[in-house]
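S.K.: Please see the structure below; I have some questions.
Number of protein chains: 2
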Amino acid sequence: MAKLTGPLANKDTVSGSDPLHELLLKLRARDVLSEEEEQILRDSIGEIKELPRAKVIVKAGVTVSECTLLVEGFVCRYKDLSDGQRQLMELHVPGDFLDLHSFLLKQLEHNVGSMTPVRLVMTPHDKIRDITEKHPHLARMLWFSTLLDAAIHRERILSVGRRSALSRISHLFCELYVRLNVVGLTDGFSYRLPITQADIADASGLTAVHVNRMLKQLREMGLMSFRNNEVVIQDWNQLQRTGEFSDHYLYLERRPR
Amino acid sequence: MAKLTGPLANKDTVSGSDPLHELLLKLRARDVLSEEEEQILRDSIGEIKELPRAKVIVKAGVTVSECTLLVEGFVCRYKDLSDGQRQLMELHVPGDFLDLHSFLLKQLEHNVGSMTPVRLVMTPHDKIRDITEKHPHLARMLWFSTLLDAAIHRERILSVGRRSALSRISHLFCELYVRLNVVGLTDGFSYRLPITQADIADASGLTAVHVNRMLKQLREMGLMSFRNNEVVIQDWNQLQRTGEFSDHYLYLERRPR
DNA sequence: CGAGCGGTTGATCCTCCTCAACAAATGTGG
DNA sequence: CCACATTTGTTGAGGAGGATCAACCGCTCG
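Written out as structure tokens, the structure is:
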């Protein structure tokens with residue numbers, strides 16, 4: 001593969017032209033979305049924004065009036081502790097709404113930040129409210145997508161609560177593989193993931209040093225490698241087993257909601 | 001206080017007669033619920049069920065067609081690991097829907113089980129679907145209540161990921177105090193919590209032995225005690241500080257959704 | 001009365017953290 | 001282009017928080 005150059009060179013397909021491409025893939029992996037509903041979504045979105053990495057996209061406690069859809073790049077939701085520790089709640093991939101829940105919560109209790117340069121699409125709360133008033137099925141699909149976040153949260157609770165360091169990290173890379181695969185951002189058994197080991201640590205409730213050791217072990221076990229911002233999975237079955245990963249919680253059956 | 005006798009003697013107010021009492025308190029702490037909407041909820045509920053403790057209420061992977069509202073008792077959502085370990089995702093108090101998300105997910109990826117004898121009210125998915133079709137504001141309030149679960153999940157991720165054992169446990173008891181207070185189930189700075197130390201351990205990602213030691217320490221520090229199924233908080237401010245607890249994530253402002 | 005569960009305490013072990021040093025990669029200004 | 005700073009990754013040594021194993025107590029219930 002040719003070396004990628006620009007900060008947003010993550011994308012090399014024509015899909016880059018449609019900001020809803022990944023969202024539609026994500027939704028249609030779970031339910032039937034009509035042409036009309038697709039159009040309603042298109043009519044709901046507003047301006048496109050670009051941001052460099054390490055910027056706060058939504059700050060905790062600040063009232064917001066629009067939701068943000070991630071089009072390109074990686075984003076995380078996180079909270080900081082008083083002693084400087086940080087915990088990532090969720091790592092977001094293109095096609096994810098970053099703060100759809102802000103529509104009803106009005107303000108978030110956590111921060112949302114870019115981990116890479118990102119491209120975002122804004123959607124006013126008013127438009128989403130209209131959807132809940134006039135298009136109940138589409139509204140249910142949006143509701144569903146917040147339930148998916150909650151299911152991912154629960155799996156994270158299990159990971160940090162009960163799994164070993166090696167298992168946690170394996171699980172995280174498995175999850176990202178499946179989620180990126182749904183939106184067409186994997187290349188065979190590998191995917192780009194331009195984040196640091198410290199980020200992995202904050203996501204898995206470990207220290208960066210220990211993450212480094214576990215990554216080394218995963219490499220030596222021949223399961224996967226994470227180098228140069230790229231994840232390469234060598235033994236998918238064994239990696240899943242090590243992380244006790246099963247994709248049930250990602251609800252990938254297409255069924256009416 | 002007189003000794004409570006029966007398995008369901010948790011309740012000593014007249015509210016016991018209205019199965020929606022706690023739910024209405026919970027919803028009205030966050031938004032204005034009209035008389036009409038209250039009536040719609042009343043028309044949506046079906047039979048009342050009672051179950052002993054330690055029963056599975058909803059099993060992972062089984063398709064369900066109704067949601068369950070907890071009226072009385074304590075319930076948890078949990079997952080088991082292959083080696084016999086268990087992690088609680090959330091601990092539910094009266095007024096909580098245990099599986100409102102099953103309405104859209106159709107089946108859950110985790111189990112829901114009773115931790116005490118419980119009283120439940122069933123609500124068919126069809127009724128909830130009707131609400132999303134005809135009563136968008138009420139539907140948003142239901143959506144909101146699933147977002148509240150997600151916010152509680154996120155705080156749990158932070159706890160198990162980054163907080164010390166003492167801090168985690170303090171936080172858990174703070175959260176339960178506030179949530180029980182909203183639905184009128186506290187008595188000053190104490191509340192009934194008829195669960196075991198092993199349950200606390202599974203909720204906080206620790207072992208029962210270590211929970212026991214931390215509870216002892218909290219007692220010796222004069223912050224709180226948990227004995228005979230009763231939590232007594234002696235120093236609320238210091239307990240909050242120890243658990244780094246703030247109730248922001250419970251969204252207790254009443255504002256339109 | 002014995003069984004079983006929940007709680008308590010001690011001794012020991014081990015995963016993961018902390019601290020520290022250094023290497024490699026990346027970025028910056030001259 | 002190089003010199004330099006900064007960030008990220010890597011490795012080692014030592015330490016600590018929590019797990020594990022085990023024994024025992026008290027209570028409840030059949």
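Top line first, the protein sequences correspond to chains Y and V. According to our numbering, the residues represented by the first sequence are 1 to 257, in order. According to our numbering, the residues represented by the second sequence are 1 to 257, in order. Beta carbons are placed, not taken as given, at the ideal position from N, Cα and C, and that holds for glycine.
Report yes or no: do the region 122-141 of chain V and the region 57-70 of chain V share at least 3 C-beta pairs separated by less than 8 Å?
M.R.: Judged by Cβ distances under 8 Å, the region 122-141 of chain V makes contact with the region 57-70 of chain V, as three or more pairs qualify.
S.K.: Please state if the CB of Val232/Y and the CB of Ser190/Y are separated by a distance shorter than 9 Å.
M.R.: Yes, the pair counts as a contact, with Cβ atoms nearer than the cut-off.
S.K.: Considering just the uninterrupted stretch of the alpha helix (DSSP H) at Met214/V, what are its terminal residues?
M.R.: 208-220 is the span of the alpha helix (DSSP H), which, as asked, contains Met214/V.
S.K.: For Asn237/V, which three-state DSSP category applies?
M.R.: In this structure, Asn237/V counts as helix in the three-state DSSP scheme.
S.K.: Shortest alpha-carbon distance to Asp80/Y belongs to which of Glu253/Y, Val178/Y, Gln197/Y, Gly113/Y?
M.R.: Out of Glu253/Y, Val178/Y, Gln197/Y, Gly113/Y, Gly113/Y has the C-alpha closest to the C-alpha of Asp80/Y.
S.K.: Any beta carbon from chain Y within less than 9 Å of Phe245/V's own beta carbon?
M.R.: Output row for Phe245/V: interface = no.
S.K.: Leaving out five residues before and five after Ala54/V in sequence, what residues of the same chain have Cβ atoms less than 8 Å from its Cβ?
M.R.: So the list reads Gly113, Ser114, Met115, once near-sequence residues are dropped.
S.K.: If you measure from the beta carbon of Ala9/V to each beta carbon in chain Y, is any gap under 9 Å?
M.R.: Residue confidence for Ala9/V is low, a pLDDT of 40 falling below 50, so the modelled location carries little weight and cannot support an answer.
S.K.: Apart from the five residues on each side of it in sequence, which residues of its chain come closer than 7 Å, Cβ to Cβ, to Ala29/V?
M.R.: Hits under 7 Å: Val182, Leu252, Arg254.
S.K.: For Ile57/V, return the contacting residues in chain Y, with the cut-off set at a CB-CB distance below 7 Å.
M.R.: Simply none; closest approach about 16 Å.
S.K.: Count the other CB atoms within 10 Å of the CB of Gly61/Y; is the residue buried (16 or more) or exposed (fewer)?
M.R.: Per the 10 Å Cβ criterion, exposed.
S.K.: Within the region 92-151 of chain V, note down every full alpha helix (DSSP H) run reaching 4 residues or more, in order along the chain.
M.R.: List check, alpha helix (DSSP H) in window: 102-105, 125-134.
S.K.: Could you pull the DSSP bridge partners for Arg192/V from this structure?
M.R.: DSSP lists Glu230/V as partners of Arg192/V.
S.K.: Starting from Arg255/Y, find everything on chain V with Cβ-Cβ shorter than 8 Å and list it in chain order.
M.R.: Within 8 Å Cβ-Cβ: Lys106.
S.K.: From the DSSP output, in three-state form, read off Ser204/V for me.
M.R.: Helix at Ser204/V.
S.K.: 9 Å is my cut-off, CB to CB: does Thr242/Y come that close to chain V?
M.R.: It does not: the Cβ of Thr242/Y has no partner Cβ on chain V nearer than 9 Å.
S.K.: Going by the beta-carbon positions, is the gap between Asn74/V and Ile195/V smaller than 9 Å?
M.R.: The residue you asked about is not Asn; residue 74/V is Phe in the sequence shown. Cβ atoms of Phe74/V and Ile195/V: closer than 9 Å.
S.K.: Between the C-alpha atoms of Leu158/V and Met89/Y, what's the straight-line distance to the nearest angstrom?
M.R.: Going from the Cα of Leu158/V to the Cα of Met89/Y covers about 7 Å.
S.K.: Ends of the alpha helix (DSSP H) at Leu166/Y?
M.R.: Leu166/Y -> alpha helix (DSSP H) spans 165-182.
S.K.: Whose C-alpha, out of Gln238/Y, Ser164/Y, Ile131/Y, Phe144/Y, is nearest the C-alpha of Phe103/V?
M.R.: Closest by alpha carbon: Phe144/Y.
S.K.: So what does DSSP say about Lys49/V, is it helix, strand or coil?
M.R.: The answer is strand: DSSP assigns Lys49/V an E or B state.
S.K.: Am I right that Leu174/V and Leu239/V are in contact with their C-beta atoms under 8 Å? What's the rounded C-beta distance?
M.R.: The amino acid at residue 174/V is misidentified as Leu; the sequence shows Cys. Yes, Cys174/V and Leu239/V are in contact; Cβ-Cβ is about 6 Å, under 8 Å.
S.K.: From Pro117/Y, Val209/Y, Arg168/Y, Lys127/Y, pick the residue whose C-alpha is nearest to that of Asp43/Y; which is it?
M.R.: Residue Lys127/Y is the option with its Cα nearest to Asp43/Y.
S.K.: In chain order, what residues of the same chain have a beta carbon less than 8 Å from the beta carbon of Ile152/V, not counting five sequence neighbours either side?
M.R.: Here the set comprises Glu90, Glu175, Tyr249, Leu250.
S.K.: Which stretch, first to last residue, makes up the beta strand (DSSP E) that contains Lys79/V?
M.R.: Its beta strand (DSSP E) spans residues 75-80.
S.K.: Verify the CB distance criterion: does Met122/Y have a CB-CB separation below 9 Å to chain V?
M.R.: By this cut-off, Met122/Y is not an interface position.
S.K.: With distances taken Cα to Cα, identify the nearest neighbour of Arg227/Y among Leu215/Y, Trp236/Y, Arg77/Y.
M.R.: With distances taken between Cα atoms, Arg227/Y lies closest to Leu215/Y.
S.K.: So, helix, strand or coil for Ser17/Y, using DSSP?
M.R.: Note: Ser17/Y maps to helix in three-state DSSP.
S.K.: Would you say Ala208/V faces chain Y, with C-beta separation under 9 Å as the test?
M.R.: For Ala208/V, the answer is no, since every Cβ of chain Y falls outside 9 Å of its Cβ.
S.K.: With the cut-off set at 9 Å, would you say Leu138/V and Glu22/V are in Cβ contact?
M.R.: For Leu138/V and Glu22/V, no; Cβs fall outside 9 Å.
S.K.: Does any residue of chain V bring its CB to less than 9 Å from the CB of Ile157/Y?
M.R.: Yes, Ile157/Y counts as interfacial toward chain V.
S.K.: Taking Gly69/Y as part of the alpha helix (DSSP H), name the residues at either end of that continuous run.
M.R.: Sequence check: residue 69/Y is Leu here, not Gly. First-last for Leu69/Y: 66-72, but that is the beta strand (DSSP E), not the alpha helix (DSSP H).
S.K.: If you count every other CB in all the chains shown that lies within 10 Å of the CB of Asn237/Y, and 16 or more means buried, which is it?
M.R.: It counts as exposed.
S.K.: For Ser170/V, count neighbouring Cβ atoms within 10 angstroms of its own Cβ and tell me buried if that reaches 16, exposed if not.
M.R.: The residue is buried, with at least 16 neighbouring Cβ atoms inside 10 Å.
S.K.: Determine the chain Y residues that contact Arg162/V at a beta-carbon separation under 7 Å, and present them in chain order.
M.R.: Result: Leu81, Gln85, Gln87, Gly205.
S.K.: Can you give the Cα-Cα distance for Glu47/V and Leu180/Y, rounded to whole angstroms?
M.R.: Distance between the alpha carbons of Glu47/V and Leu180/Y: 43 Å.
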